[in-house]
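One structure is given here, and the rest of the page talks about it.
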Amino acid sequence: MSQVEDKNLSEIASVNIDSNGRFKYILIKLVSKNSKQEKYVVRADILDDFEKNCNVSGIDIECVGGGRILHEPEKKTIFVYGYSLGFGLADHKISVELLKEKYSYYVSITFSNEGY
């Protein structure tokens with residue numbers, strides 16, 4: 064696997080979640096070491112997998128929290144809630160804004176800090 068030096072953050076997808084169901088998610092903050100640009104990404108995979116798949120040097124990767132997502136594509140709804148035992152509570156507002164960009168045609172994308 065070759066490493067990409069200071070990969071453009073815009074090349075990394077903002078959202079990659081399961082197509083249906085209830086699952087854990089994490090919110091990851093990416094910071095370019097050279098340009099100091101920042102980007103948040105929402106992932107349904109685990110942090111180690113993201114780091115392996117991202118496979119870049121020149122970018123700091125930090126998980127800033129997590130929770131759960133209920134994704135119901137047949138209803139065109141996404142509900143973000145709860146927290147991660149390992150990473151704590153994500154800022155679900157950031158996660159919802161990213162989800163709204165990808166799923167702009169959905170009727171409802173909401174969150175609650177309650178639950179697990």
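Residues in the sequence shown are numbered consecutively from 64, following the numbering used here. In this text, a Cβ means the ideal position worked out from N, Cα and C, and glycines have one as well.
Return the CA-CA distance between residue i and residue j, expressed in angstroms with no decimal places.
i    : j    : result
G145 : C117 : 26 Å
K102 : V159 : 14 Å
L110 : E135 : 24 Å
K115 : N176 : 29 Å
R106 : G121 : 20 Å
D123 : S77  : 16 Å
G149 : K138 : 31 Å
Y168 : F142 : 15 Å
V127 : L152 : 8 Å
H155 : F86  : 15 Å
G84  : L133 : 6 Å
F174 : K96  : 32 Å
Looking at residue i: is its Cβ nearer than 7 Å to the Cβ of residue j?
i    : j    : result
G129 : I89  : yes
L161 : I172 : no
K99  : E125 : no
From the DSSP output, in three-state form, read off residue i for me.
i    : result
F150 : coil
A76  : coil
What span of residues does the alpha helix (DSSP H) with residue i cover, start to end?
i    : result
E125 : Counting along the chain, E125 falls outside any alpha helix (DSSP H), though it belongs to the beta strand (DSSP E) covering 122 to 135.
V159 : 155 to 165
Where do the N-terminal and C-terminal ends of the beta strand (DSSP E) with residue i fall, by residue?
i    : result
S171 : 171 to 175
Y144 : 140 to 144
Kindly provide the ranges of any alpha helix (DSSP H) runs that are 4 or more residues long and lie completely inside the segment 80 to 119, ordered along the chain. 110 to 117
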